[in-house]
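These notes are about the structure you will find just below.
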Ligand SMILES: Cc1cc2nc3c(=O)[nH]c(=O)nc-3n(C[C@H](O)[C@H](O)[C@H](O)COP(=O)(O)OP(=O)(O)OC[C@H]3O[C@@H](n4cnc5c(N)ncnc54)[C@H](O)[C@@H]3O)c2cc1C
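Residue numbers (my numbering): 97 to 350.
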């Protein structure tokens, strides 16, 4: 029997989490799991006042984990993320899907998580602990506790690029995604659906200084694409460098 427990704040909800509990963000994936008869949880925990705030200060940007894709699209502070949020699901999904939930969304999802990985985000947990998004994603299956927010350091204007490669436009799921933050020092490139979680293309990052050709030639280093119903591993390995070259040469596409 499934029970639903409602708390006022995310912090209170966090203290009620156990192995058999699932936190409800927007519920786009949790409710699907309920419908499919997922037996791995029997408690749903939710907060009446999730943090949906989006704000900037001198050091950067803070996005509450309860902010939806539609909240992002309504905010001028995160205009650089609009090409990412706009291509997530259709309008109904965007009205419900949260930033926090996207960090846990398995393939073929996690488009925003890929962008946040490129942007060097920090994940702020409800207990106040901070974690770099790269290690958070690597350990997310073992993650305990709730995410309160993500923070992103101040963005250099025009330095963020994003590309979602899908077979069905405009709202198909991704064969792969690429996000690049081409800041002056320490540029970052992340791929979605080229591993079991979003991954950085560290070979490409290192080779960027030698030009686009060197970066694309090195981009598969450390990536572990799988074969699934959307594309084969071979196909993903063939097209990833092509799309990275286009992103670097031509800029982001929607
Ligand atoms: C039809 C459809 C189309 C979709 N298209 C896309 C797409 O194009 N791109 C894409 O990236 N995704 C897509 N998704 C997947 C999903 O909607 C998004 O990834 C969304 O951001 C998940 O957020 P949610 O709040 O709905 O998560 P939920 O379903 O509420 O939760 C998902 C998981 O995250 C956990 N969780 C949620 N919030 C927190 C938190 N604050 N702290 C800790 N754990 C938390 C939950 O416990 C659960 O395990 C699609 C889904 C559907 C059904």
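Idealized CB from N, CA, C, for every residue including glycine.
It should be emphasised that the depicted structure is a prediction, and the values quoted were computed from it without experimental measurement.
On the three-state DSSP scale, how would you describe residue 165?
-> helix
Whole beta strand (DSSP E) elements within the segment 134-208, 3-residue minimum | 139-143, 150-153, 156-160
Taking all protein chains shown into account, decide if residue 131 is buried (16 or more other Cβ within 10 angstroms of its Cβ) or exposed.
-> exposed
Does DSSP classify residue 325 as helix, strand or coil?
-> coil
Residue 257 - containing beta strand (DSSP E), residue span | 256-262
Opposite residue 249 in the DSSP bridges: which residues?
-> 156
With a threshold of 16 other CB atoms inside 10 Å of the CB of residue 301, please say whether the residue is buried or exposed.
-> buried
Quick one: Cα of residue 116 to Cα of residue 99, how far?
-> 11 angstroms
Three-state secondary structure assigned by DSSP to residue 349 = Only weak support exists for where residue 349 lies, its pLDDT of 46 falling under 50; the coordinates are left without a value.
Given a threshold of 16 other Cβ atoms within 10 Å of its Cβ, counted over all protein chains shown, does residue 294 qualify as buried or as exposed?
-> buried
Inter-residue spacing [alpha-carbon to alpha-carbon] between residue 350 and residue 217 | For residue 350, the predicted model reports a pLDDT of 42, less than 50, meaning its position is unreliable; a value from the coordinates is still stated below. For residue 350 and residue 217, the distance between alpha carbons rounds to 22 angstroms.
Three-state class that DSSP yields for residue 334 in the structure shown = helix
Quick one: measure Cβ to Cβ for residue 270 and residue 288, integer angstroms, because I've assumed they're closer than 8 angstroms.
-> 6 angstroms
How long is the line joining the alpha carbons of residue 140 and residue 310, rounded to whole angstroms?
-> 48 angstroms
Looking at the structure shown, is residue 117 part of a helix, part of a strand, or coil, going by DSSP?
-> strand
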